[in-house]
Amino acid sequence: MKPSIPAFQYKISLGQNFLFDQDLLNRLVDQTQVGEADIVLEIGAGRGDLTQVLAERCKQVVAVEIDERLEPVLKERFESAPNALIVMGDIMGLDISQQMGEYEGFHVIANLPYYLTTPILTMLFHLNLPIKSVNVMVQQEAAQRVLAQPGTPEYGPLAVLAAFRGSPKSTVVVPAHMFTPPPKVDSVFLVVPFYEKPPVQVDNEDLFFKVIRAAFFMRRKTLANNLVSAFGMPREEATRLILACGLNERVRGERLTILDFARLSNETNRVIMK
Ligand code: SAM
């Protein structure tokens, strides 16, 4: 039987779909391959069941939770666990580099609040921090967007960013009924081990990210049109950049591979730096 917190009203607006099954939680942590030498940032501690497994198996877990009602539960549960640090706050407003700055590298593990899946993953893939892997429970539709290949409807910035940082794969499929309360659809535990060095040479990362956002800004527009709008560059310049990368001048952003994006942003950088 699933344990529950007495009189706790789950807030759907905070994505509160908790996991209590110990076997499942251990199976999820198995997928991440973290061990006793590892530091983990957990996003959304909830009642602390995943936090507990992580504290038992890792060197240190820093668990962030926004819901102040859970603070006494978490503080009491982990007051005698020296390797579990509870941080109350909003992950989107937290200075992660300050919070995790003392560690040479860390893993992110979370049963994500689903309303923040895209913002949280986008933030983690942008950060220039020593992240070793990102391992997250997400809804199936979000997993498809992370794993998507060029030319498919699901392909977008999230897939390009994920492929830039690591090699995403889907592991355990978790049926909705395993959560309390159950979400509308089944979920997938995604693991993304990060590369030590990105798989493509990018001269200016900020510009690379901007080119990716621009390419998908208006999906039905051509890449050239989107570059003109995003960078305010003359159309001939946008066409010249696209042709210089060996692409068709009428191509749409959704056709570009990560290598195409790297080439295009490096070419754009050269133009801007002139
Ligand atoms: N880790 C717990 C588990 O697996 O049972 C809870 C996971 S639940 C899907 C997501 C958790 O994220 C909730 O506890 C929710 O309150 C918390 N949360 C929602 N928005 C957040 C935010 N912006 N920053 C930090 N935590 C947040």
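Note that my numbering has the sequence shown beginning at 6, numbered continuously upward. For glycine and all other residues, C-beta sits at the position ideal for the given N, C-alpha and C. For clarity, every value in this text was computed on a predicted model and none was experimentally measured.
message: Per DSSP, what are the beta-bridge partners of Gln65 in this structure?
response: The sequence position of residue 65 within the sequence shown is 60, counting from 1. Paired residue(s): Ile44.
message: So Ile247 and Val256 are supposed to be a Cβ contact under 8 Å. How far apart are they, rounded?
response: Within the sequence shown, the letter at position 242 stands for residue 247. Within the sequence shown, the letter at position 251 stands for residue 256. Right, the Cβ-Cβ distance comes to about 7 Å (below 8 Å), so this counts as a contact.
message: Would Phe169 and Val216 qualify as a contact pair, given that the criterion is a beta-carbon distance under 8 Å?
response: For the purposes of this step, residue 169 is taken as residue 164 along the sequence shown, with counting starting at 1. For the purposes of this step, residue 216 is taken as residue 211 along the sequence shown, with counting starting at 1. No, they are not a contact pair.
- request: Compute every distance between the C-beta of Gly51 and the non-hydrogen atoms of the ligand ADP, then say whether any falls below 7 Å.
  value: Of the ligands this structure carries, namely the ligand SAM, none is the ligand ADP.
- request: Determine the contact status of Phe221 and Gly171, defining contact as a CB-CB distance below 8 Å.
  value: For the purposes of this step, residue 221 is taken as the residue at position 216 of the sequence shown. For the purposes of this step, residue 171 is taken as the residue at position 166 of the sequence shown. Going by C-beta atoms, Phe221 is not nearer than 8 Å to Gly171.
- prompt: Which residue comes first and which comes last in the alpha helix (DSSP H) that contains Lys215?
  reply: For the purposes of this step, residue 215 is identified with residue 210 of the sequence shown, where counting begins at 1. It spans Glu210 to Ala220 - the alpha helix (DSSP H) in which Lys215 sits, taken as one unbroken run.
- request: Please classify Phe184: does DSSP put it in a helix, a strand, or coil?
  value: Your numbering for residue 184 matches position 179 in the sequence shown. Phe184: strand per DSSP, three-state reduction.
task: Inspect the beta-carbon positions of Ala351 and Gly49 and report whether they are closer than 8 Å.
output: Residue 351 cannot be examined here, being either before or after the span of the chain that is shown, 6 to 279.
- prompt: Between Ala42, Asp211, Thr56 and Gln144, which lies nearest to Phe194 when the distance is taken from Cα to Cα?
  reply: In the sequence shown, the residue the question calls residue 194 occupies position 189. Ranking the options by Cα distance to Phe194, first place goes to Gln144.
message: On the DSSP letters alone, give me the boundaries of the beta strand (DSSP E) that Gln144 sits inside.
response: Within the sequence shown, residue 144 is the residue found at index 139, counting from 1. Residues Ile136 to Gln144.
task: Please report how far the alpha carbon of Gly237 lies from the alpha carbon of Asn253, in whole angstroms.
output: By 1-based counting over the sequence shown, the position of residue 237 is 232. By 1-based counting over the sequence shown, the position of residue 253 is 248. Gly237 and Asn253: Cα-Cα distance of roughly 21 Å.
message: Considering only the alpha carbon of each residue, which of Ile136, Asp26 and Thr122 lies closest to Val151?
response: Position 146 of the sequence shown, counted from the first residue, corresponds to residue 151. Closest option to Val151, Cα to Cα, is Thr122.
query: So Phe213 packs on Phe23, CB below 8 Å; how close in whole Å?
result: As a working mapping, residue 213 is identified with position 208 in the sequence shown. As a working mapping, residue 23 is identified with position 18 in the sequence shown. The Cβ separation is near 37 Å, so there is no contact.
message: Whole angstroms are fine: how far does the CA of Leu75 sit from the CA of Phe199?
response: Here residue 199 refers to the residue found at position 194 when the sequence shown is read from its first residue. Here residue 75 refers to the residue found at position 70 when the sequence shown is read from its first residue. Roughly 31 Å separates the two Cα atoms.
query: So which of Phe111, Val78 and Ala68 has the shortest CA-CA distance to Ala89?
result: Within the sequence shown, numbered from 1, the residue matching residue 89 stands at position 84. Nearest of Phe111, Val78 and Ala68 to Ala89, Cα basis: Ala68.
message: Let me check you understand the geometry: is the CB of Val69 closer than 7 Å to at least one non-hydrogen atom of the ligand SAM?
response: The sequence position of residue 69 within the sequence shown is 64, counting from 1. Answer for Val69: yes, Cβ within range of the ligand SAM.
field: N-terminal and C-terminal residue of the beta strand (DSSP E) that Ser192 is part of
entry: What you label residue 192 is simply residue 187 of the sequence shown in a count that begins at 1. Element bounds for Ser192: Ser192 to Pro198.
message: Any heavy atom of the ligand SAM closer than 7 Å to the beta-carbon of Gln104?
response: Taking the sequence shown and counting its residues from 1, one reaches residue 104 at position 99. No, the beta carbon of Gln104 sits no closer than 7 Å to any heavy atom of the ligand SAM.
- prompt: Would the beta-carbon of Leu132 be found less than 7 Å away from any heavy atom of the ligand SAM?
  reply: The residue given as residue 132 occupies position 127 in the sequence shown. Not under cutoff, so the answer is no.
- prompt: Lys7 to Gln27, Cα distance in whole Å?
  reply: As a first step, residue 7 must be located in the sequence shown, where it is residue number 2. As a first step, residue 27 must be located in the sequence shown, where it is residue number 22. Note on Lys7: pLDDT 49, under 50, position unreliable in the model; the coordinate value appears next. One C-alpha to the other measures close to 10 Å.
- request: Classify Ser175 as helix, strand or coil using the three-state DSSP reduction.
  value: Counting from 1 along the sequence shown, the entry for residue 175 is found at position 170. Here Ser175 sits in strand by DSSP.
query: How about Thr37 and Val196: are their beta carbons less than 8 Å apart?
result: In the sequence shown, the residue the question calls residue 37 occupies position 32. In the sequence shown, the residue the question calls residue 196 occupies position 191. Yes. Within cutoff.
task: Please report how far the alpha carbon of Asn209 lies from the alpha carbon of Gln14, in whole angstroms.
output: Looking up residue 209 in the sequence shown gives position 204. Looking up residue 14 in the sequence shown gives position 9. If I take the Cα positions, the gap works out to 47 Å.
- request: Within 10 angstroms of the Cβ of Tyr120, are there 16 or more other Cβ atoms? Answer buried if so, exposed if not.
  value: Within the sequence shown, numbered from 1, the residue matching residue 120 stands at position 115. It counts as exposed.
query: According to DSSP, is Lys7 helix, strand or coil?
result: For the purposes of this step, residue 7 is taken as the residue at position 2 of the sequence shown. The pLDDT assigned to Lys7 is 49, lower than 50, so where the model puts this residue is not dependable; a value taken from the coordinates is nonetheless given after this. DSSP places Lys7 in coil when its eight states are reduced to three.
task: Give every residue of the same chain whose Cβ lies closer than 8 Å to the Cβ of Ala60, excluding the five residues on either side of it in the sequence, and list them in chain order.
output: Position 55 of the sequence shown, counted from the start, is the residue given in the question as residue 60. Taken in chain order, the residues that qualify are Val66, Phe83, Ala86, Asn88 and Ala89.
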